[in-house]
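Trainee:
Protein chains: 2
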Amino acid sequence: MANPEPTNDRELVLNRIIDARAVNLYRAWTEPDLLKQWFAPKPYLTPEALLDVRPGGANLIVMRGPDETDMPNRGVYLEVVPNRKLVFTDAFTEAWQPSQKPFMTVTLTFEDLGDGRTNYTARVGHWTVEDRETHEKMGFHQGWGICTDQLAELAKGL
Amino acid sequence: MANPEPTNDRELVLNRIIDARAVNLYRAWTEPDLLKQWFAPKPYLTPEALLDVRPGGANLIVMRGPDETDMPNRGVYLEVVPNRKLVFTDAFTEAWQPSQKPFMTVTLTFEDLGDGRTNYTARVGHWTVEDRETHEKMGFHQGWGICTDQLAELAKGL
Numbered sequence: 008m009a010n011p012e013p014t015n016d017r018e019l020v021l022n023r024i025i026d027a028r029a030v031n032l033y034r035a036w037t038e039p040d041l042l043k044q045w046f047a048p049k050p051y052l053t054p055e056a057l058l059d060v061r062p063g064g065a066n067l068i069v070m071r072g073p074d075e076t077d078m079p080n081r082g083v084y085l086e087v088v089p090n091r092k093l094v095f096t097d098a099f100t101e102a103w104q105p106s107q108k109p110f111m112t113v114t115l116t117f118e119d120l121g122d123g124r125t126n127y128t129a130r131v132g133h134w135t136v137e138d139r140e141t142h143e144k145m146g147f148h149q150g151w152g153i154c155t156d157q158l159a160e161l162a163k164g165l
Numbered sequence: 008m009a010n011p012e013p014t015n016d017r018e019l020v021l022n023r024i025i026d027a028r029a030v031n032l033y034r035a036w037t038e039p040d041l042l043k044q045w046f047a048p049k050p051y052l053t054p055e056a057l058l059d060v061r062p063g064g065a066n067l068i069v070m071r072g073p074d075e076t077d078m079p080n081r082g083v084y085l086e087v088v089p090n091r092k093l094v095f096t097d098a099f100t101e102a103w104q105p106s107q108k109p110f111m112t113v114t115l116t117f118e119d120l121g122d123g124r125t126n127y128t129a130r131v132g133h134w135t136v137e138d139r140e141t142h143e144k145m146g147f148h149q150g151w152g153i154c155t156d157q158l159a160e161l162a163k164g165l
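Keeping their order, the protein sequence lines are chains E and D.
For the first sequence, this note's numbering gives the first residue as 8, with consecutive numbering after it.
For the second sequence, this note's numbering gives the first residue as 8, with consecutive numbering after it.
#1: What residues in the segment 62-85 of chain D have a beta carbon less than 8 Å from any beta carbon of chain E?
#2: For the segment 123-140 of chain E, list every residue whose C-beta sits within 8 Å of some C-beta in chain D, in sequence order.
#3: Name the two residues that bound the continuous alpha helix (DSSP H) containing E/F95.
#4: Between E/V88, E/K49, E/R61, which lies nearest to E/W151 when the distance is taken from Cα to Cα?
#5: Within 8 Å (strictly less), CB to CB, does D/Q44 reach chain E?
#6: Does E/P109 have its Cβ less than 8 Å from a Cβ in chain D?
#7: DSSP has E/P105 in a bridge; who is on the other side?
#8: Should E/R23 be flagged as near chain D, meaning a C-beta pair shorter than 8 Å?
#9: What is the DSSP secondary structure of D/G132, counted as helix, strand or coil?
#10: Would you identify the three-state DSSP class for E/V30, choosing helix, strand or coil?
#11: So, do the segment 124-131 of chain E and the segment 67-76 of chain E have three or more beta carbon pairs nearer to each other than 8 Å?
#12: Name the residue from D/P105, D/T141, D/G164, D/N90 whose alpha carbon lies nearest to the alpha carbon of D/A174.
#13: Whole angstroms are fine: how far does the CA of E/D122 sit from the CA of E/Q107?
#14: With a threshold of 16 other CB atoms inside 10 Å of the CB of D/R6, please say whether the residue is buried or exposed.
#15: Give the straight-line distance between the Cα atoms of D/W45 and E/W134, rounded to the nearest whole angstrom.
#16: Determine the burial state of D/P109: buried for a count of at least 16 other Cβ atoms within 10 Å of its Cβ, exposed for fewer.
#17: Within the chosen definition, does the segment 82-99 of chain E reach the segment 28-43 of chain E through at least 3 CB pairs nearer than 8 Å?
#18: If I measure Cβ to Cβ from D/L41 and keep anything under 7 Å in the same chain, skipping five residues before and after, which residues do I get?
#19: Tell me which residue opens and which closes the beta strand (DSSP E) that D/G82 is part of.
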């Protein structure tokens, strides 16, 4: 069982038992047409998702606010274990160009519980305590919580 | 031919045609017993080198000054293409723990020229212009130049 506690004071963790299979949660994270359906907390939308899912592959995910403002997020995949683990960071915009600001590295694990459910853990590491605090104040727990509800709902139906 | 110019103002580049085969330059970077012989500019020494050469593998290279002060350098390999390319960064201390300070990402390319020589390029990216300037003032060009002389001398004899 994954440890749902942060391993240090620069980390935020979301851990949830989800009523969906690991393979489908992984699909929802790696197939653009699926990711667009759950990634942004509604009424925000995700009009664009380019996902080159391999170590060193880049991603570009654009969220769009209700006022039509686009928020592009760029990152690079660091580790890819199909249906089990996905690691990406915004420290690079493409392999291996440093970004303007390394903010976080996300480690997702999908632990298949064998009964159709998955122990899902999102571990979000930051380079500084300040960035972890900023992320918390930006509403990490609520925001990622809402998105994870949307993810769970979608994956359940796959 | 690799472009020896920096691709942006946060990058430093060392490019050299070396009279040694690509495979032997790669060995000198990836085999601990070889790396220890050239990595630090003499009279500095490299008493320890732990190199887990695979994507996500960690490295620990300890340099020792003439006054016996040890300087440990920790990093993680991002991309490994045997005999051709090696990428590592100090942004992580192990897969995928953010370090205290992401300072640089090093991309080494070993282009075999087919006549026993290699077009060797070390491209060192930084997250900020300030860090690039700091690295330059720390003596990047002279320091990496001296070490590359030592690397070339060793690889030539392999």
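Backbone N, C-alpha and C fix where the C-beta goes; we use that ideal spot for every residue, glycine too.
Mentor: So, to answer that:
#1: P62, G63, L85
#2: G132, H133, W134
#3: Position 88 of the first sequence, counted from the start, is the residue given in the question as residue 95 of chain E. Segment 92-96 is the beta strand (DSSP E) holding E/F95; no alpha helix (DSSP H) there.
#4: Stepping through the first sequence from its first residue, residue 151 of chain E is reached at position 144. The residue with the shortest Cα to Cα distance from E/W151 is E/K49.
#5: As a position in the second sequence, residue 44 of chain D is number 37, starting the count at 1. No, because no Cβ of chain E sits closer than 8 Å to the Cβ of D/Q44.
#6: Here residue 109 of chain E refers to the residue found at position 102 of the first sequence. Cβ-Cβ to chain D under 8 Å: yes for E/P109.
#7: On the first sequence, position 98 is the one that residue 105 of chain E refers to. Answer is E/F99, bridged to E/P105.
#8: Within the first sequence, numbered from 1, the residue matching residue 23 of chain E stands at position 16. No, its Cβ sits nowhere closer than 8 Å to a Cβ of chain D.
#9: Against the second sequence, residue 132 of chain D aligns to sequence position 125. Three-state result, D/G132: strand.
#10: If you number the first sequence from 1, residue 30 of chain E lands on position 23. It is helical.
#11: no
#12: Since the first residue shown for chain D is 8 and the last is 165, residue 174 of chain D is missing from the structure and cannot be characterised.
#13: Residue 107 of chain E sits at position 100 when you count from the first residue of the first sequence. Residue 122 of chain E sits at position 115 when you count from the first residue of the first sequence. So the alpha carbons of these two residues sit roughly 43 Å apart.
#14: Given a span of 8 to 165 for chain D in the structure shown, any question on residue 6 of chain D remains unanswerable.
#15: Translated into positions along the second sequence, residue 45 of chain D becomes position 38. Translated into positions along the first sequence, residue 134 of chain E becomes position 127. Each residue's Cα considered, the two are about 31 Å apart.
#16: Taking the first residue of the second sequence as position 1, residue 109 of chain D is located at position 102. It is buried - the Cβ of D/P109 has at least 16 other Cβ atoms within 10 Å.
#17: yes
#18: The residue given as residue 41 of chain D occupies position 34 in the second sequence. If we look at D/L41 and ignore the five residues flanking it on each side, its Cβ neighbours are R34, A35, L161.
#19: Translated into positions along the second sequence, residue 82 of chain D becomes position 75. 77-88 is the extent of the beta strand (DSSP E) around D/G82.
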